[in-house]
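Q:
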Amino acid sequence: IITYSHVPACRSGFTYYKGWCVYSTQPTRLHYDDAVNTCKNLGEFSPSIHSKYDLDFWSDYAGTDQHFWLDTYCPEDGKLYAWMDGTTTDYFGPNNELMNCSHRYLVHMENNGISAGENIYTTAPAVCAYDPPATITVESSDCACNPSKIYLDIVFVVDTSANMPRDTVGDATATIQSTLYGLTFGTDYFESNVAALTYADSVQTVRYFGGFRTANDITSLSFPYLGGSSTKMADAIKEASTMISSNARNFTRGVIVLLTNSINQQNVASCRSAADSFKDN
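What the sequence shown shows, in our numbering, is residues 898 to 1178, in sequence order.
#1: Can you confirm whether the segment 1081 to 1088 touches the segment 935 to 946 when touching is taken to mean that 3 or more C-beta pairs between the two stretches lie within less than 8 Å?
#2: Of all the options V1066, F1120, L1118 and H1005, which has the alpha carbon lying nearest to the alpha carbon of G916?
#3: For the beta strand (DSSP E) holding R1150, just list the boundary residues, first then last.
#4: With a CB to CB cut of under 7 Å and the five nearest residues on each side skipped, what residues in its chain are close to L1077?
#5: Mapping the DSSP letters down to three states, classify T1065 as helix, strand or coil.
#6: By DSSP's criteria, N993 is part of a beta bridge. Which residues make up the other side?
#7: Use the C-beta contact count for M996: other C-beta atoms within 10 angstroms, 16 or more gives buried, fewer gives exposed.
#8: Taking the alpha-carbon of G983 as reference, which of N1016, T1084 and D968 has the nearest alpha-carbon?
#9: Comparing alpha-carbon positions, which option in M981, F1053, Y988 and A1071 lies nearest L952?
#10: Quick one: what's got a C-beta closer than 6 Å to T1157's C-beta in the same chain, skipping five residues either side?
#11: Taking V1024 and S943 to be in contact with their CB atoms under 8 Å, please state how far apart those CB atoms are, rounded to whole angstroms.
#12: From A1059, C918 and A1071, pick the residue whose C-alpha is nearest to that of T1128; which is it?
#13: Let me make sure I understand the geometry here. Which of G960, T986, I1011 and E1136 has the alpha-carbon closest to that of Y914?
Here it is, written out as structure tokens:
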């Protein structure tokens, strides 16, 4: 039996907010460099914005703090603003605020969206955030088998579209990690081989078979948040099926584990067809 808590404990100084652990200097207002260093000293970053969902989520939060610094920076005037957490600038804001950057202006979040302020004169609170894993417990005494002796070819498929809030993706990741800790990895008898995919309006391989060997491989598992619409479930099932059929362990069975919060009636037939084809093979 696998159970998890929707409200994990945050580190000292952080408070839980809708799936995130958040630290704020409010009401203290800081210059940009001081705000960046505040988060850096805590080992975190300010939230990065990669979709309209992210924008609305953190705009709502800014409604409590009024506004706060985003740790973007300008690598070169006229280029895209870049995120200090290393994520890609793949969302530009409703009015392209993250395009055509200037060293003179840096970006903060307000309760009505993204705004730019002059680096020298503007002050705002620092907000640092991280997405905590859900608290997972596994009661192995209630399982009818020994997980360490399972030998399966498993592909975990996770929906990371806009229909899956980031905290739900975090819960899905934690559930997978909890499951993986009980397995023995390898390609021999009584060993499991595991891969992982994610999908939204595209399909992306997160780990190929053989990508899990050590505890560090499990703890480092992360699913990129693709956002957008959840239209490629059938394609994800087909891709997982192809990965399993290509793995060529004739003494094992293949398993696809789908974690999603989405249902699109227009895609039901194609998803059922892909699933039936996998079962038949």
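All C-beta atoms, glycine included, are put in the ideal place defined by N, C-alpha and C. If you're wondering where the values come from, they're calculated on a predicted model, not measured in any experiment.
A: Working from what's here:
#1: no
#2: The shortest Cα separation from G916 among V1066, F1120, L1118 and H1005 belongs to V1066.
#3: R1150 to L1156
#4: Contacts found: V1091, F1109 and I1115.
#5: helix
#6: Paired residues: none, contrary to the question.
#7: By the neighbour-count definition (other C-beta atoms within 10 Å, threshold 16), M996 is an exposed residue.
#8: D968
#9: Comparing Cα positions, the closest option is Y988.
#10: Cβ within range, chain order: D1056.
#11: 6 Å
#12: A1059
#13: Cα-wise, what sits closest to Y914 is G960.
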